[in-house]
Amino acid sequence: MMATALKWSRHNLFGKPFDALLTLTVVPGVLWLIYEAVAWALSTAQWDIIPQSMRVLMIGVFPADQVWRTWVAAMIIAALTGAALGSVFAFRVRHAGFLAVALAALVVATGVSDPGNLLYLAASLALFIGGWALTSRVPFSHKFLMPACFVGLIAIFAVMAPPGAGLWGGLLLSILLTLVTSIVTLPIGILLAFGRRSRFSSVRWICTAYIEVMRSVPLIMVVYWIWILMPVLTPQFDFADVVRGMIGFTVFYAAYVAEYVRSGLQAVPRGQTEAARSLGMSEFDINRSIVLPQAIRVVVPPLVGNVLDIFNNAPLVFIIGLTDFLRAGQMILANPQYGDRTYEVYSFLFVTYFLVGSVITFVARKLEAHLARGSR
Amino acid sequence: MNADQAADLMVDSERLAARRRRNRIRYHGTQLAIVGVAVVLVVLFAVAVKEGLARHGIRFSFSFLGNAAGFDISEGKTVVLDNGFWPALAAFSSDLTIAQAFVTGILNTIKVAVLAIVLSTVLGTLLGVGRLSTNWVIRNLCFWCVEFVRNTPLLIQLVFWYFAVVLHFPPIATAAKFYGVVISQQGLYFPAFAWQGGDAPFAIALAAAFCVALVGAFVEKIRPFRWACVAVLVAVPVVMFLAGFVELDFPVASRFNASGGVGMSPEMAALLLAIVFNSASYIAEIVRGSIDALPKGQWEAAASLGLGRRNTVNDIILPQVFRVVLPSFGNQYISLTKNTALGIAIGYPDLFNIYGTIANQTGHSLEGIVIVMVSYLILSWIISAVVGWADRRMASHGAAR
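In the order they appear, the protein sequences are chains R and P.
According to this note's numbering, the first sequence is numbered sequentially starting from 1.
According to this note's numbering, the second sequence is numbered sequentially starting from 377.
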């Protein structure tokens, strides 16, 4: 044991004089940082602020007696993400068990004790696992995934709208924004990508110009621009800020999705199109049932990465006055009573963002490996 | 071939020609229809915007650019016309025009973007190479830093750097000082080179030689001349220092502010820190990806020649990596430049922030958006043109990819 450890450290820490020097300078520094952080987290930090303000962090200023609506939305989201996951990864009971244990650990860590909330949480988990099992066990259900997503989105809007769309906020708003944007940009992006390789040079020009312009301006500007432009263009409809924000995100990210899809379209060998043409298929059929399925297969991992990108940029909606997860945290800190809890709140925000981001990155990497294995 | 068949052939070719003609007409007709629809849509859009604005009592025009701004900008220079003819840089003040306020914003954006591009390239390359280190601690440290930064939003990093780090620096009266660098919550101050040569001809000649050599070191195609330029680049500053034409100007902290040296506002410091660390992580990922993509034979060949790991990385791997990563770096530089627009979250007066102020003050938000959009487009084009030029240059210098 000792010998192995020595050998390992000889190899990995002190392999060369330069390595030894690096190890000797970096390790004490890192250890000191970790010690300071842990000491702060265990003794100085006052974590009671997190459970106290959990509701604001999760759903913003949504009225407390309407919380069930947000839970219904959370359940729909859970079922949809489960179903999306299941269409790629096979369902395993041990994975579901692991998920349940992880969620239980999370509940203990954050101190959620309200029985109603626990029940809702369990129901969300059950729906997630149910959706996952359904799509992975019944391949036939894949066909309904995209329509189900749209129906689910509409259901979420219908459930959440009555108290007023201006009240949406917190982590739920970030997730909703991500979900809506990533689902709605997909068809638009595919159309734009095909438009960029159209037979007609005019269509090509228009699509290219749109994509290139959107890719060279900042997202925050597009969101703000759509937000001020929409009331000017359509004074008869009074769109809520949330909807305008979602439209802004969609307008921006459609260009990115189009570029990903285009790279996938280019990866489809020419022989596929030529073979289909020689069978007498029409151009539309070729694109729909020969080219697109193969292209989508290639671009799924980058598209999942794009979802992470959307989620990471969701806090930019502060520019149009929405209270997303980050803004909710800042709102809590703006309360003079909690002015000295900066590091506690930011730690919680960072950890949550990092956990969500890591899960999405992990899924993207697994998908890449999974799909690469299939194509060999 | 009898006459009948010949006639058939004639008819066939005529029919073919007719079909081709029909197809061509149909193609151009569709083309025309698409263009027509697009034009109509744009016109409808313009009319709707114009009417919408008219309802709010605003006329779409760019004449507001010439009006006096009437607001102040916390930092930044703008272009003023000295004696009405020579353009010169001067601090912005509220009696200057709105166009000059936009210029201040563009210059502030460029200032942060250029600094961030340089710093993040260096840091990112170090992180990317660090992820392939033989040292377990360094490898994992780099990996987790990159993962953490890439999986959290830039905005939270930015507000964290500003509210939780930079604003918690000591006040300037008790500022931390390292070798002439003053770090305080009122800003960061660095030693700077100060011109002491006045208008002595010899000093100006030296400075001009330095500038020419700087350009030459990058664009000169002939190798000995390029090395000569580099030699001049090293020699001239030494001479200027010895002759006292250039001096190091150290910042001196007083009770409320610091004088001398180059100052950086806390907002700019936070924005720069956030963007540099964020971009460096993405650049590290690009570098690591390209190193992984190199054929394993390169490592093996280097090893079989008896090269050490450091020599292999420095002389075999990195030169090849830099030939392929430049386009990806260019994309990252563009996205970095766009990310400077987040400065509005902490009050750094970049282009987008100043646009917000102008839109609030004048109500001309749509005209402003056009200006901002065009500015970002031009910045992106400049970056991709420069990176493309560097890429072609690299390619012309060296081996096939």
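Each residue gets a CB set at the ideal place from its N, CA and C atoms; glycine is no exception.
Counting only residues of its own chain and dropping the five nearest sequence neighbours on each side, H370 of chain R has a CB closer than 8 Å to the CB of V88, F89. In the displayed model, S711 of chain P falls within a helix according to three-state DSSP.
Two segments are said to touch when three or more pairs of C-beta atoms, one from each, lie closer than 8 Å; by this definition the stretch 205-221 of chain R does not touch the stretch 266-286 of chain R. Taking a Cβ-Cβ threshold of 8 Å, the residues of chain P close to G15 of chain R are T510, N511, in chain order. Residues of the stretch 15-41 of chain R with a C-beta atom less than 8 Å from some C-beta of chain P are G15, K16, F18, D19, L22, T23, V26, V27, V30, listed in chain order.
Spatial neighbours of L134 of chain R in its own chain (CB-CB distance under 7 Å, excluding positions within 5 residues in sequence) are listed in chain order as A83, G86, S141. Checking the DSSP bridge columns, you'll see D625 of chain P partnered with P:A568.
Beta-bridge pairing by DSSP links V456 of chain P to P:A464.
Note that the stretch 170-188 of chain R touches the stretch 40-60 of chain R; at least 3 beta-carbon pairs, one per stretch, sit closer than 8 Å. Against M246 of chain R, chain P offers no close residue; the least beta-carbon distance is about 17 Å (beta-carbon pairs closer than 9 Å). By the Cβ test, the stretch 332-350 of chain R is in contact with the stretch 30-47 of chain R, since at least three Cβ pairs between them sit closer than 8 Å. Annotated three-state conformation of M230 of chain R is helix, per DSSP.
F554 of chain P sits in a strand when the DSSP states are folded into three classes. Classified as exposed, C587 of chain P has fewer than 16 neighbouring CB atoms from the shown chains inside 10 Å of its CB. Separation of W462 of chain P and K453 of chain P (C-alpha to C-alpha, rounded to the nearest whole angstrom) is 16 Å.
Under the Cβ criterion of 7 Å, N399 of chain P is not counted among the residues facing chain R.
Taking 7 Å as the threshold, the shortest C-beta distance from V291 of chain R to chain P does not fall below it.
By the beta-carbon neighbour count (other beta carbons within 10 angstroms, threshold 16), M386 of chain P is exposed. Among the residues facing chain R, K714 of chain P is included, as its CB has a counterpart in that chain under 7 Å away. Taken in chain order, the members of the stretch 382-407 of chain P whose beta-carbon sits within less than 7 Å of a beta-carbon on chain R are T406, Q407.
Close to chain R, meaning a Cβ-Cβ distance shorter than 7 Å, are the following residues of the stretch 722-739 of chain P: F728. DSSP places T510 of chain P outside both helix and strand once states are collapsed to three, so it counts as coil. Residues of the stretch 403-432 of chain P with a Cβ closer than 8 Å to any Cβ of chain R, in chain order: Y403, T406, Q407, I410, V411, A414, F421, A424, V425, G428, L429, R431, H432. With a cutoff of 7 Å on beta-carbon distance, M75 of chain R and A123 of chain R are scored as near each other.
Annotation: the stretch 130-214 of chain R contains the following complete segments of the alpha helix (DSSP H) (minimum length 4 residues), in chain order: 145-160, 170-196.
The residues M644, L647, L648, I651, T716, G719, Y724, D726, in chain order, have a CB closer than 8 Å to that of V488 of chain P in the same chain once the five nearest residues on each side in sequence are set aside. Proximity of chain P to P315 of chain R at the Cβ level (cut-off 8 Å) is accounted for by P529, L531, I532, in chain order. The Cβ-Cβ distance between Q572 of chain P and E623 of chain P falls below 7 Å. In the DSSP assignment, M58 of chain R falls within the alpha helix (DSSP H) that extends over 54-59.
The alpha-carbon of S53 of chain R is positioned some 7 Å away from that of I332 of chain R. A distance of 7 Å or more separates the beta carbons of Q561 of chain P and F578 of chain P. The shortest CA-to-CA distance from T178 of chain R to any of R:V223, R:V307, R:I286, R:V299 is the one to R:V307. Linking V359 of chain R to Q272 of chain R through their CA atoms gives a straight-line distance of about 35 Å. The Cβ of Y353 of chain R sits closer than 7 Å to at least one Cβ of chain P. Apart from sequence neighbours up to five positions away, no residue of its chain approaches A584 of chain P with a beta-carbon distance below 6 Å. Here S496 of chain P is buried: its Cβ has 16 or more other Cβ atoms, across all protein chains shown, within 10 Å.
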